[in-house]
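Worksheet: the structure to be examined is printed underneath.
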Ligand code: PEP
Ligand code: MN
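Numbering (UniProt numbering), first residue to last: 1 to 360.
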């Protein structure tokens, strides 16, 4: 798949004065619930009304969605409010039913994107459709897998494509439900600048009070839109209760967001920006150079460890490095979380280098 302006025609043609907004409940629960939320979202910035019809639940025994009956409720939403509709599809039956009920936008969920078999089946079922199809990132931070899914749809001649960044699973405890790993979304954007990129702060944060912040970061990174789970009675939602916001709160979030244009015609702004970007480029190069030097030293240590038959991993030494660097980072305005993650990555690379030497 090549980057091309054609990838975003469907979005550009909407001529929106704000980012694309997809909102609605995590799950369709009852006809009244679906219609009530839709009516409250009717005269807002919301462009597409989302509702989960079949829910992929991690453990069995939880609410797994109302099923096909919910599609009738979404048809009513469209009739009564004019809002276009969006649902998740995970197999051919879902696709066939969605098309039958004239759903406007379909997305592939994070648990489906991980499986090329599932994605291929969905792509085959959708072949040639002119519906908009969005691909959520896989639960694991694997850019190829994410792009591979988009490519399968592209090869099935689906022209209206986009991706949704919903964060990644992690074993570590963090303040996020799914860690954003922004650099992955940025890399995707660098490779496919015209592929519409939508952020899902609801599934990234898992908490409604963090949604504004994550949405703002996404817009600052030139994301094209937001998908935000919205419910009239979030605390009593049948799924994802902690992360849903009320329609009123959604309107407030949209008002509070600073919506920036990607470029500004003012020459001064442009030159300031490019100047700062140039400085960043220089520092990034220095970072890589410095890390390269560090690994060379690490290689020498590997040689010594090999001669002496000493284990690669020296836990005490490692813990003392970490402690010092966290303090050092703090004094320079770097969060403990970032310093830890960065040093873990550096340490891992160092171990890989030394293993290679010891096993050679
Ligand atoms: C959802 O959008 O409700 C959902 C299940 O999302 P994800 O596939 O990102 O977990
Ligand atoms: Mn959800």
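Virtual Cβ for every residue (Gly too), placed ideally from N, Cα, C.
As the structure is a computational prediction, the values presented were derived from the model and not from experiment.
Using 8 Å as the cut-off, can you tell me whether the region 263-277 makes contact with the region 221-231, which would need three or more C-beta pairs spanning the two stretches below that distance?
Taking 8 Å as the limit for Cβ pairs, the verdict is that the region 221-231 does not touch the region 263-277.
N- and C-terminal bounds of the alpha helix (DSSP H) containing residue 31
Per DSSP, the unbroken alpha helix (DSSP H) holding residue 31 starts and ends at 31-41.
Please say whether residue 90 and residue 74 have beta carbons closer to each other than 8 Å?
In this structure, the beta-carbon distance from residue 74 to residue 90 does not fall below 8 Å.
Is residue 101 helix, strand or coil by DSSP?
In the structure shown, residue 101 sits in coil (DSSP, three-state: anything other than H, G, I, E or B).
Using a Cβ-Cβ cutoff of less than 6 Å, which residues in the same chain neighbour residue 47 once the five nearest sequence positions on both sides are dropped?
Within the same chain, residue 47 has close Cβ partners 20, 21.
Nearer than 7 Å: is that true of the beta carbon of residue 169 relative to any heavy atom of ligand 2?
Taken from the Cβ of residue 169, every heavy atom of ligand 2 lies 7 Å or farther away.
Do residue 238 and residue 31 have their C-beta atoms within less than 8 Å of each other?
Not in contact: residue 238 and residue 31 (Cβ atoms no closer than 8 Å).
Hey, is residue 112 close to ligand 2, as in C-beta under 7 Å from one of its heavy atoms?
Taking non-hydrogen atoms of ligand 2 into account, the C-beta of residue 112 is found less than 7 Å away from none of them.
Considering only heavy atoms of ligand 2, does any lie closer than 7 Å to the CB of residue 52?
Yes.
Inter-residue CB distance, residue 45 and residue 18 (contact presumed, cutoff 8 Å)
Yes, they are in contact, since the Cβ atoms of residue 45 and residue 18 sit about 5 Å apart, within 8 Å.
For residue 105, which residues in the same chain have their Cβ closer than 6 Å to its Cβ, ignoring the five residues on either side in sequence?
Only 48, 86, 132 meet the Cβ criterion.
Can you say whether residue 254 is buried or exposed, counting buried as having 16 or more other CB atoms within 10 angstroms of its CB?
It counts as buried.
Three Cβ pairs or more, each shorter than 8 Å: is that satisfied between the region 116-134 and the region 158-174?
Yes, the region 116-134 is in contact with the region 158-174.
Using 8 Å as the threshold, is the region 177-190 in touch with the region 199-208, meaning 3 or more CB pairs across them?
Output reads yes: the region 199-208 touches the region 177-190.
Can you tell which of 230, 322, 358 has its C-alpha closest to the C-alpha of residue 347?
Minimum Cα distance to residue 347 is reached at 322.
Name all residues in chain order for which at least one heavy atom of ligand 2 lies closer than 5 Å to the residue's CB.
Sorted by position in the chain, 26, 240 make up the residues whose C-beta lies under 5 Å from a heavy atom of ligand 2.
Between which two residues does the alpha helix (DSSP H) carrying residue 297 extend?
Residue 297 -> alpha helix (DSSP H) spans 267-308.
Neighbourhood of residue 121 by C-beta, 8 Å cutoff - its chain only, sequence neighbours within 5 removed:
Contacts found: 91, 92.
Return yes when at least one heavy atom of ligand 1 lies under 7 Å from the C-beta of residue 200, else no.
Within 7 Å of the C-beta of residue 200 there is at least one heavy atom belonging to ligand 1.
Is the beta carbon of residue 59 within less than 7 Å of some heavy atom of ligand 1?
False, no ligand heavy atom lies under 7 Å from that Cβ.
heavy atom of ligand 1 below 7 Å from residue 109 C-beta
At least one heavy atom of ligand 1 is nearer than 7 Å to the Cβ of residue 109, so yes.
With 16 as the cutoff for other CB atoms within 10 Å, does residue 176 come out buried or exposed?
With 16 or more other Cβ atoms within 10 Å, it is buried.
So, with DSSP's three-state summary, where would you put residue 107?
Three-state DSSP puts residue 107 in a strand.
Give the DSSP-derived three-state secondary structure of residue 351 in the structure shown.
Residue 351 falls in the helix class under three-state DSSP.
So the candidates are 265, 358, 296, 196; which of them puts its Cα closest to the Cα of residue 4?
For residue 4, the nearest C-alpha among the options comes from 196.
Is the region 302-315 close to the region 341-356, with three or more CB pairs under 8 Å?
By the Cβ criterion, the region 302-315 is in contact with the region 341-356, since at least three pairs of Cβ atoms, one from each stretch, lie closer than 8 Å.
Counting only the same chain and skipping the five closest in sequence on each side, list residues whose C-beta sits under 8 Å from that of residue 329.
Closer than 8 Å at the Cβ level, and outside the excluded window around residue 329, lie 335, 336, 338, 339.
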